[in-house]
Each structure stands twice: as structure tokens, then as C-alpha cells.
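Notes follow the structure.
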Amino acid sequence: MLRVPRDAEHLLRLALLFAAGIVVFLVVRSLLVPAGFGELGHFRPGAILANQQKPLHFAGRAACDDCHAENATTLAASRHAKIGCESCHGPLAAHVADPDATKPAKLDAVELCSRCHAELPSRPKKQPQVEIVAHSEGESCTECHEAHDPTP
Amino acid sequence: MSLDRREFLAQGTFYLMLTGAASEAWSFIEAGKPQEAPGYNVQEHWWAMFIDVEACIGCGRCVDACKLENDVPDEAWFSRTWVERYTIPPPDPLHPKRELLPIVDSPNGGRNGFPPLEHPVEGAKSFFVPKLCNHCAHSPCVQVCPVGATFESPDGVVLVDKTYCIGCRYCVQACPYGCRFIDPRTNTVDKCTLCYHRITKGLTTACCEVCPTQARLLGDLRNPADPIHELLRTHKVQVLKPNLATGSKAYYNGLDAAVR
Numbered sequence: 031m032l033r034v035p036r037d038a039e040h041l042l043r044l045a046l047l048f049a050a051g052i053v054v055f056l057v058v059r060s061l062l063v064p065a066g067f068g069e070l071g072h073f074r075p076g077a078i079l080a081n082q083q084k085p086l087h088f089a090g091r092a093a094c095d096d097c098h099a100e101n102a103t104t105l106a107a108s109r110h111a112k113i114g115c116e117s118c119h120g121p122l123a124a125h126v127a128d129p130d131a132t133k134p135a136k137l138d139a140v141e142l143c144s145r146c147h148a149e150l151p152s153r154p155k156k157q158p159q160v161e162i163v164a165h166s167e168g169e170s171c172t173e174c175h176e177a178h179d180p181t182p
Numbered sequence: 002m003s004l005d006r007r008e009f010l011a012q013g014t015f016y017l018m019l020t021g022a023a024s025e026a027w028s029f030i031e032a033g034k035p036q037e038a039p040g041y042n043v044q045e046h047w048w049a050m051f052i053d054v055e056a057c058i059g060c061g062r063c064v065d066a067c068k069l070e071n072d073v074p075d076e077a078w079f080s081r082t083w084v085e086r087y088t089i090p091p092p093d094p095l096h097p098k099r100e101l102l103p104i105v106d107s108p109n110g111g112r113n114g115f116p117p118l119e120h121p122v123e124g125a126k127s128f129f130v131p132k133l134c135n136h137c138a139h140s141p142c143v144q145v146c147p148v149g150a151t152f153e154s155p156d157g158v159v160l161v162d163k164t165y166c167i168g169c170r171y172c173v174q175a176c177p178y179g180c181r182f183i184d185p186r187t188n189t190v191d192k193c194t195l196c197y198h199r200i201t202k203g204l205t206t207a208c209c210e211v212c213p214t215q216a217r218l219l220g221d222l223r224n225p226a227d228p229i230h231e232l233l234r235t236h237k238v239q240v241l242k243p244n245l246a247t248g249s250k251a252y253y254n255g256l257d258a259a260v261r
């Protein structure tokens, strides 16, 4: 038979106090720690989902090719083959979602062409560059060049 | 069976310690349990970026695209990515020991392209360096966050939990690459997410999408078929500030020693 130590109720009170403390700790912890915390690492998995759910603005080249196959074919065979459509035409996910509601903006050829082709000593040597003003004499680039199939 | 006090305490402590060890082991098992997000498993990817300094023409389309895609404030000092122009003067034959200090400029983060240098340096070496979050595997910004709001996701992207960020700016100071800023609208930290909303849907990042010379390429190092493996194998690549051992995953081809 288990011998009851002297002043056992002191120990009992202490044990109850500890138990109560642990219960309080567990309750507070479950309220403060977000759901799923630690499942993938020291962070809340919901934060990953929040980052995933941001809206798209650039639709991606594949989306353009779905409707504009003609331009895509021309572009694919040209010196501009590797340039994404939205590189010049801007973000057009809204246009993909509803082609009639949002139309691509009219582009400023001189401003866009000179972004890449204006002469700068910092650019790589293999990049075709011209002194814009002397080269065009004030004309728009598209007077002579076709952006989807440019020739020097 | 009866136990005296000494035996009871000894055995009790032993079993108590066993329980602790078991729960510790179980927490490790639990932590390694894969969690599948719909259509995208975070544990099957390890994102990195290959940046070709020799291909960058400084057009700034990436900076513009990033701002538009991620709704970043317009001011240049709120930039998730930007392009720097380095101009390194030629060595002086009379003072060959003198360190060549580069001139670095980035007008509006390079968003509107680059005008010719105001004071051109005769015979200088000049090139463009696109910068963005290096998505370090041992990231200093994650280490200093006092509330655990910034973290390395299992697919190798450093992300911010905006609901827990207190805007204390510790991480802004800790980042050796200057890639973080406080968003003035939310007063929480903001940074490149490697277009997490795009790459988890099978698209590339906005900056890679618009780059006309493929100077930037997003790659998945856990996918053996990804072209980044071939690029890393055939090029001499370097990361920024390798001495800091941040485990940077922005691999630069043709990086000059002057670039910081």
C-alpha cells in the first residue's frame, strides 16, 4: 500500500497550481499561434497563400499568341523574336480577360525604340545602337522600320 | 508492487524525460510533413535567378514592369528591382596602385532608361547591373526579424507576412543588398517576392517576361530540365558579396569585382 507522505496536501496544491499554469499556457498559446504555424517552417502558411493571391497585370506571351497568331508568327521569325509582347505594349492582363473593355495604348515609337537602340557607351557592343537624332532626322522610327520584323 | 519515494522520483523523472524526447522527435516529423497548396507544391521548387550583366542593355523595362505588376510606389527609392550603371575609370599608368572607384548612377532606378553620362569618362569601362532581392538561402533579413514576419519559404523565396510585420526596419538595415523598403501606404516592409503570384501559376516573373535580351532568367533549381542548369554549368557565375555567405541565389554572369 502506498504510504501517504506527511503534509501531502501541500504537494497536491503545488501540483494543482502547476497543472492550472500549464492549462493557461496551452489556452493562451492556442489563441496566439496562428493556424498551421510551423507546418512548413517558422512562419504562417497563410502568408504564402497571401503572396500567391495577388492579381496579375502581365498576362505573359502565351496569352497574346492565342489571339494574335499572325503577329506572333511574324515576330517569331524576326530579330525581335525573343522580346515579349508586353515588353513594348505594356501590362495587358486586363485586355486578355476582356479584350473589348481594355485596349492596348498607342505606343510612342521613338521613346520605346531609343530605350534599347539609342547609342550609349554602357550598352554591350553586340546591341545595335544608333545616334537617334542624327539617324532619324526627326522622323518616327516606324516610318522605315517595322517593329515586329525589324531590319537594320 | 510498491515503490519507495526515491524509486518513484527516479522512475517518474525518467518517464517524464522520455515524453519530452518523444514530443521533440514528433515535432521534427511534423515539421517535415509536406503541405500541398492547390496546384503548386512549395516543396518541389527552389527558385533562383540567372542575370547576365553582359546582355543587359539598360532599357529599364524590368523596373517599369515590376512597379506595374506589383503595385510598387512610383518613387525610385521604393524599388523592388532597379538597374545600376557602373562606369569604372581606366587605370592610371602613373599610379597603378590606386584603387579605381566606380561611378554608379541609377536615374529613377533606371525605370526610364539611361541618358548619356553628364560627365563622360574617357576610356572608361561601363556596364549595367540589374539588382533585385537575392533570395538568400541564409538570409540576414530573416535572421533579424524580431516577430518572425519575414521568412524563407520552402521553395527558396524570401517572403514577408504583412499581417505580422511591425515595420521596425531591422530587415531594411540588415539586407546587404539594399533590397527592402517600407511601403509608405501600409508602413510594413516590402520587397521582391520573385513575383510569387506569377511563378506559382507557371508564369515567369514580370521582369523576366519583359526583358528584351534575356539578361534575366528565372530558374527552378529543383527541376532538372530547367535551362538554368545549363547556363550555370557553361558560364562563370558569381553572386554579390560572396564574402557574406548569404547563400544568394541571384547568379550573375560577367560580374565585375567593382560591383557591390
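Protein chains in written order, with our numbering: chain L, 31 to 182; chain F, 2 to 261.
We put the CB at the ideal spot given by N, CA and C, even for glycine.
request  = Tell me where the alpha helix (DSSP H) around F:Glu69 begins and ends.
outcome  = Glu is not the amino acid found at residue 69 of chain F; the sequence shown has Leu there. Residues 62-71.
message = With H, G and I counted as helix, E and B as strand and the rest as coil, what does DSSP make of F:Glu8?
response = The answer is helix: DSSP assigns F:Glu8 an H, G or I state.
task = Tell me where the beta strand (DSSP E) around F:Leu52 begins and ends.
result = The residue asked about is misnamed: residue 52 of chain F is Ile in this sequence, not Leu. Segment 48-53, the beta strand (DSSP E) holding F:Ile52.
key: Contact list for L:Ile113 against chain F, beta-carbon separation under 7 Å   = Residues of chain F passing the Cβ test: Pro213.
message = Rounded to the nearest angstrom, what separates F:Pro213 and L:Lys112 at their Cα positions?
response = 7 Å
message = Is it the case that the stretch 136-145 of chain L contacts the stretch 167-176 of chain L, given that we only count it when at least three CB pairs across the two stretches are under 8 Å?
response = yes
Under 9 Å (Cβ pairs) to chain F, residues found in the stretch 71-90 of chain L = Gly71, His72, Phe73, Arg74, Pro75, Gly76, Ala77, Ile78, Leu79, Ala80, Asn81, Gln82, Gln83, Lys84, Pro85, Leu86, His87, Phe88, Ala89, Gly90
query = Does the beta carbon of F:Glu70 come closer than 7 Å to any beta carbon on chain L?
reply = yes
ask   = For the alpha helix (DSSP H) that contains L:Val54, what are its first and last residues?
value = 38-62
task = Could you tell me how far apart the beta carbons of F:Val145 and F:Gly168 are, in whole angstroms, since I believe they sit closer than 8 Å?
result = Actually they are not in contact, since the Cβ atoms of F:Val145 and F:Gly168 sit about 14 Å apart, beyond 8 Å.
request  = Name the two residues that bound the continuous beta strand (DSSP E) containing L:Gly76.
outcome  = Per DSSP, L:Gly76 belongs to no beta strand (DSSP E); it is in the alpha helix (DSSP H), 75-82.
key: Cβ-Cβ separation, F:Tyr165 to F:Gly149 (assumed contact under 8 Å), whole Å   = Rounded to whole angstroms, the Cβ separation of F:Gly149 and F:Tyr165 is 7 Å, and the two are in contact under 8 Å.
inquiry  = Measuring only from the beta carbon, is F:Lys163 closer than 6 Å to any heavy atom that is part of the ligand GTP?
reply    = Summarising the ligand content, the structure contains no ligands, and the ligand GTP is consequently not present.
request  = Please report how far the alpha carbon of L:Leu42 lies from the alpha carbon of L:Pro75, in whole angstroms.
outcome  = 42 Å
key: C-beta atoms of F:Cys193 and F:Leu133 nearer than 7 Å   = Between F:Cys193 and F:Leu133, the C-beta spacing is below 7 Å.
query = Does the beta carbon of L:Glu176 come closer than 7 Å to any beta carbon on chain F?
reply = By this cut-off, L:Glu176 is not an interface position.
request  = Give the residues of chain F in contact with L:Leu150, contact being defined as C-beta atoms less than 7 Å apart.
outcome  = Gly59, Phe115, Pro117
message = Give the list of continuous beta strand (DSSP E) stretches no shorter than 3 residues that lie fully inside the stretch 104-189 of chain F.
response = 104-106, 126-133, 151-153, 159-161, 182-184
query = Just reading off the beta strand (DSSP E) that F:Arg223 is part of, what are its end residues?
reply = It is not in any beta strand (DSSP E) - F:Arg223 carries neither H nor E in the DSSP assignment.
request  = Would you kindly work out how many angstroms separate the C-alpha atoms of L:Asp37 and L:Ile52, rounded to a whole number?
outcome  = 24 Å
request  = Report the three-state DSSP secondary structure of L:Asp95 (helix, strand or coil).
outcome  = helix
task = Give the DSSP-derived three-state secondary structure of L:Ile113 in the structure shown.
result = coil
ask   = Since F:Ile58 is in the beta strand (DSSP E), which residue starts that stretch and which ends it?
value = Counting along the chain, no beta strand (DSSP E) covers F:Ile58, and no H or E run does either.
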